[in-house]
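A quick write-up on the structure given underneath.
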Amino acid sequence: MTTVSRKPLRVLAIGCVIAVAATLGAAPAQAEPTPQELNAQIDKASEELEKVIESYNKVNEQLKATRVAVDKLNLQLKPAQDKVDAARGRIGQVAAAAYKGQSVSSMSALLSSQNPTALMEQLTVLDQFAYGQQKEIAAYNQAKSAYDGEKTKLDGVLNEQTAQEKELATQKAKIQEDLKKLQDQRQKAGQGSGSSAGLPAPHLPGTAGKAVDFAYGAVGKPYIFAAEGPNGYDCSGLTLASWKVAGVSLPHNAAMQWDATAHIQRADLQPGDLVFSNGLGHVALYVGNNQVIHAPQPGQNVQLASINQIGGLYGYGRVRA
């Protein structure tokens, strides 16, 4: 498993938070900003803030994957451990002696037998039995050695990712504060939340149709930091939830969703495809007719929008259903 680099994520997250704070607090000293200027400030702050949120989501996804790997490693070792436990229970002192590298004593069998034929049978059975247990124990020791090496690597990754999670979690209050400022500024600028709930879904066939129908049902719900429903969503949480009802699992991060899709051209877009923007800091669900449904920005609701309204288009991906 590749260790996740901690420094770039930390620099990105902290840098974005600083940029958001600077943007939110920026205003001409001599006059109030015009509505156009205020809207531009809001859009810039929203884009930067969304990158921080997606960084938070990425660390959470990596942390979940590492924990799954640790659990899988423990399951892989369990059968070998069970065999050794059973061997110890069956042979007691013989297994203990074999584990220490001692040979099975033939003298004890000789002293307990009065019949040469029975003696040979006892020795043969005893030697075969001890050999079998020694093989099981040797196999366990080999598996345990490999396990210890991999477990050490995973523990290191897990500790690093947990530290990253804590660092980003400490920024959560700051993010929530910035979200409140954005909402206040949107109201001041007269921007709506983008709510248009109750739009009729097209009910397209196939798995992509299920994802599109779900997205239509989410229109009007609020943008919620790091959420994947049911009461609200961030951008990658919405696309994740939409495809989840179609039986497809996506990570909760726009950049990771880009990696999980087959990349296509804009001319090839079909309903259910994903539209990426903001340097892989944002993702939307294409629903046909040159439109997408997305959780656009903090302070706004899930909405149906023209693809041409999304700035900084990055690329297009088809979910491998």
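Every letter in the sequence shown is one number past the one before it in our numbering, and letter 199, counting from 1, is 379.
Ideal placement from N, C-alpha and C gives every residue a C-beta, glycine not left out.
All values derive from a computational prediction rather than experimental measurement.
Exposure label - residue i; buried when at least 16 CB within 10 Å
i       : result
Gln-445 : exposed
Lys-258 : exposed
Arg-500 : exposed
Lys-238 : buried
Val-248 : exposed
Leu-255 : exposed
Gln-322 : exposed
Lys-244 : exposed
Lys-361 : buried
Ser-235 : buried
Pro-382 : exposed
Pro-385 : exposed
Ala-464 : buried
Ala-395 : buried
Thr-419 : buried
Pro-380 : exposed
Thr-350 : exposed
Asn-433 : buried
Ala-318 : exposed
Gln-216 : exposed
Ala-558 : Outside the displayed range of the chain (181 to 501) lies residue 558, so it cannot be described from this structure.
Gly-479 : buried
Gln-489 : exposed
Chain-order list of residues whose beta-carbon lies under 6 Å from that of residue i (same chain, five-residue window excluded)
i       : result
Gly-492 : Ser-457 and Asn-458
Ala-421 : Glu-408 and Gly-409
Leu-338 : Thr-246
Val-467 : Val-392, Pro-451 and Ile-473
Ala-388 : Pro-451 and Gly-452
Val-250 : Leu-334
Ile-404 : Gly-412
Gln-210 : The predicted position of Gln-210 is uncertain, since its pLDDT is 49 and thus under 50; no value can be drawn from it.
Glu-227 : Asn-458
Lys-390 : Val-425 and Ala-426
Ala-435 : Leu-460
Ser-325 : none
Cutoff 7 Å; reference residue i; Cβ partners in own chain excluding five residues on either side
i       : result
Lys-401 : Asn-411, Gly-412, Tyr-413, Asn-481 and Val-482
Ser-486 : Asn-470 and Gln-471
Leu-253 : Tyr-327, Glu-330, Lys-331 and Leu-334
Ser-283 : Residue placement at Ser-283 is flagged as unreliable, the pLDDT there being 49, under the threshold of 50; a coordinate-derived value is accordingly withheld.
Lys-424 : none
Arg-498 : Thr-441, Ala-442, Ile-444 and Asp-453
Tyr-431 : Correcting the residue type first, residue 431 is Pro in the shown sequence and not Tyr. These residues qualify, in order along the chain: Glu-241, Gln-437 and Ala-440.
For residue i: DSSP bridge partner residues
i       : result
Ala-406 : Partner(s): none; Ala-406 has no beta bridge.
Gly-497 : His-443 and Leu-454
Ala-485 : Val-472
Tyr-413 : Tyr-403 and Glu-408
Cutoff 8 Å; reference residue i; Cβ partners in own chain excluding five residues on either side
i       : result
Glu-345 : Val-239, Asn-240 and Leu-243
Thr-342 : Leu-243
Tyr-496 : His-443, Ile-444, Gln-445, Arg-446, Asp-448, Leu-449, Asp-453, Leu-454, Val-455, Phe-456 and Tyr-466
Gly-397 : Ala-381
Min CB distance residue i to chain D below 9 Å
i       : result
Leu-348 : No chain D appears in this structure, which consists of one protein chain only.
Can you find at least 3 beta carbon pairs, one from the segment 466 to 480 and one from the segment 411 to 419, that sit closer than 8 Å? yes
Taking the runs of the alpha helix (DSSP H) that are 4 residues or longer, which of them lie wholly in the segment 428 to 473? 434 to 440
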